[in-house]
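See below for the structure under consideration.
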Amino acid sequence: MKPTNRFKRVASKPNKSVRLSQSINDPERCTNQSSKSVTIRTRTTPSHNQTQPQPQPQPKLKIQPSPVSDPCFGDTTILPPHFFQIDALDLAPRLLGKFLRRDDVVLQITEVEAYRPNDSACHGRFGITPRTAPVFGPGGNAYVYLCYGLHTMLNVVADKEGVGAAVLIRACAPVCGLETIKQRRGQQTEKPILLTGPGKVGQALGISTEWSNHPLYSPGGLELLDGPEPDKILIGPRVGIEYALPEHVNAPWRFAIAGTSWISAPKNTLRPP
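Just so you know, UniProt numbering puts 159 at position 159 of the sequence shown, and the rest follows in order with no gaps.
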């Protein structure tokens, strides 16, 4: 992937009068790890005079071929704090292909959005409040908020402490813990609808707003792991921020892995850089 300086940076201007919205864009309207893949096995109860048969693994989820492949989690490391302490616009594409892990669930990040300081679509525009304070934490922390009081949205705080920037995780692909994901989502499907949307990702991970300020670089709980860099990516404007200033509405600060169906709608606004 080419250096991220090819992405257009829009001059950020403070906006004193901005309407409220949804996604990392608006907190008002939107308000035991395992280092190996988990295989769900069926159990059989033998009779007293029978030999117990060997358990058979359930079929594995087949994901549409993409530029990323299943990793060996025995060799996968947690990303260090300095990885995150860069401009959100640089961090966002670097998160593509990385892995989120909580308990037996491992998800691969396929789509993200960047939100920067003085960005009229960023929660940081409200300043430090009890609700937005986590976004001003050090890069590598989690910032979790509710959208419409229902959907848990996971963001990765970017840059240095006090800056007020983050990257929203918009979509992922399942790697491990498929049955747990289905149960948490309340959907018995293996189609992309399972994880294509930021609220779906939060639900699949089983997190709440209490996870805000959690360091994603710390072992245990919720971790962000290293992963392969995608061969090609797509860029486009962010979703649901029509209330923001025109230069921020049109800024191509949404990033996705090319060649995978695990991307949220709308897809027709994404294009090669």
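For each residue, glycine too, the CB sits at the ideal point set by N, CA and C.
Please go through the same chain and pick out, in chain order, the residues whose beta-carbon is closer than 7 Å to the beta-carbon of residue i, but skip the five residues on each side of it.
{"i": "V249", "result": "P237, I241 and E242"}
{"i": "residue 315", "result": "Residue 315 cannot be examined here, being either before or after the span of the chain that is shown, 1 to 273."}
{"i": "H214", "result": "N141, A142, G221 and L222"}
{"i": "S212", "result": "P134, A142, Y143 and V144"}
Can you check DSSP and say which residues form a bridge with residue i?
{"i": "I169", "result": "V112"}
{"i": "E223", "result": "R101"}
{"i": "I233", "result": "I257"}
{"i": "L154", "result": "V144"}
{"i": "R271", "result": "I235"}
{"i": "P174", "result": "L107"}
Enumerate in chain order the residues of its own chain whose CB-to-CB distance from residue i is below 8 Å, with the five nearest sequence positions on each side excluded.
{"i": "E113", "result": "S23, I24, A92, V167, L168, R170, R238, V239, W253, R254 and F255"}
{"i": "L61", "result": "With a pLDDT of 35 at L61, under the threshold of 50, the modelled position of that residue is not reliable, and the figure given next carries that caveat. Contacts found: P174, L178 and E190."}
{"i": "T209", "result": "V144, Y145, L146 and T152"}
{"i": "P266", "result": "V239"}
{"i": "N155", "result": "I24, Y115, V135, A142, Y143, V144, Y145, A166, V167, L168 and I169"}
With DSSP run on the structure shown, which of helix, strand or coil describes residue i?
{"i": "I78", "result": "strand"}
{"i": "L95", "result": "helix"}
{"i": "P192", "result": "helix"}
{"i": "V249", "result": "helix"}
{"i": "P215", "result": "strand"}
{"i": "T266", "result": "Per the sequence presented here, residue 266 reads as Pro, with Thr not at that position. Coil."}
{"i": "V135", "result": "helix"}
{"i": "P198", "result": "helix"}
{"i": "R125", "result": "helix"}
{"i": "D87", "result": "coil"}
{"i": "E210", "result": "helix"}
{"i": "I241", "result": "coil"}
{"i": "K160", "result": "coil"}
{"i": "V68", "result": "Any answer about V68 is weak, because its pLDDT of 44 lies below 50 and its placement is not dependable; what the coordinates show is given next. Here V68 sits in coil by DSSP."}
{"i": "Q187", "result": "coil"}
How about residue i and residue j: are their beta carbons less than 8 Å apart?
{"i": "L96", "j": "I233", "result": "yes"}
{"i": "I128", "j": "Y217", "result": "no"}
{"i": "R94", "j": "L222", "result": "no"}
{"i": "L205", "j": "S120", "result": "no"}
{"i": "T110", "j": "I263", "result": "yes"}
If you drop the 5 nearest sequence neighbours on each side, which residues of the same chain put their C-beta closer than 6 Å to that of residue i?
{"i": "L270", "result": "L234, G236 and A256"}
{"i": "V163", "result": "P117"}
{"i": "Q188", "result": "K182"}
{"i": "F99", "result": "V106, Q108, L225 and G227"}
Validate contact between the region 148 to 157 and the region 181 to 195 using beta carbons, cut 8 Å, 3 pairs: Output reads no: the region 181 to 195 does not touch the region 148 to 157.
Meets three-Cβ-pair contact criterion under 8 Å: the region 74 to 88 and the region 132 to 150: yes
contact_flag[the region 121 to 140, the region 193 to 200] where n(CB pairs < 8 Å) is 3 or more: No: the two stretches stay apart, fewer than three of their Cβ pairs being nearer than 8 Å.
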